[in-house]
Amino acid sequence: MKNLGTHPNVVRLIGCCTEKEPTLVIMEYVSLGKLQQFLRESRAGRHYGNTHAGSLFLTSRDLTHFAFQVARGMDFLSCKGNSDGNFTVNFYEQ
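Residue numbers (this note's numbering): 7 to 100.
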């Protein structure tokens with residue numbers, strides 16, 4: 007298993023077992039889950055208002071910040087030789 011180091015925008019792969027089916031993967035815990043699901047649930051209201059006061063609505067600034075974090079994580083992985091382009095995006099509360 008290749009050691010890529012750590013990055014704040016990349017979920018850490020802890021280990022995997024590929025000797026027999028099913029393939030098992032152990033990854034760092036991401037408390038809020040997948041970013042894709044979070045964005046889909048937030049889009050359901052079709053209104054991008056403000057994220058304060060417990061609202062699930064997102065501002066353009068929030069979406070731009072998410073895109074920036076994703077780009078930073080993908081840049082880190084591509085510089086480390088992960089060139090297959092297979093990325094999964096998860097959401098961290100920061």
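C-beta: ideal position from N, C-alpha, C; glycine also. Note that the structure is predicted; figures quoted are calculated from it, not measured.
Of the residues the options, the one placed nearest residue i, counting alpha carbons only
{"i": "Phe-44", "options": "Glu-34, Gly-79, Asp-68 and Thr-29", "result": "Asp-68"}
{"i": "Ser-37", "options": "Leu-30, Glu-27 and Val-17", "result": "Val-17"}
{"i": "Arg-46", "options": "Arg-78, Leu-64, Gly-21 and Met-33", "result": "Leu-64"}
{"i": "Ile-32", "options": "Thr-24, Ile-20, Lys-26 and Lys-40", "result": "Ile-20"}
{"i": "Asn-15", "options": "Lys-86, Arg-78 and Lys-40", "result": "Arg-78"}
{"i": "His-71", "options": "Leu-41, Ser-84, Leu-30 and His-13", "result": "Leu-41"}
Where the beta strand (DSSP E) through residue i begins and ends
{"i": "Leu-19", "result": "19-23"}
Cross-strand partners of residue i (DSSP beta bridge)
{"i": "Leu-64", "result": "Paired residues: none, contrary to the question."}
Three-way DSSP call (helix, strand, coil) for residue i in this model
{"i": "Ala-59", "result": "Note that Ala-59 scores 45 on pLDDT, short of 50, meaning its location in the model is unreliable and no value can be drawn from it."}
{"i": "Val-31", "result": "strand"}
Residue i vs residue j beta-carbon contact at 9 Å
{"i": "Leu-83", "j": "Leu-10", "result": "yes"}
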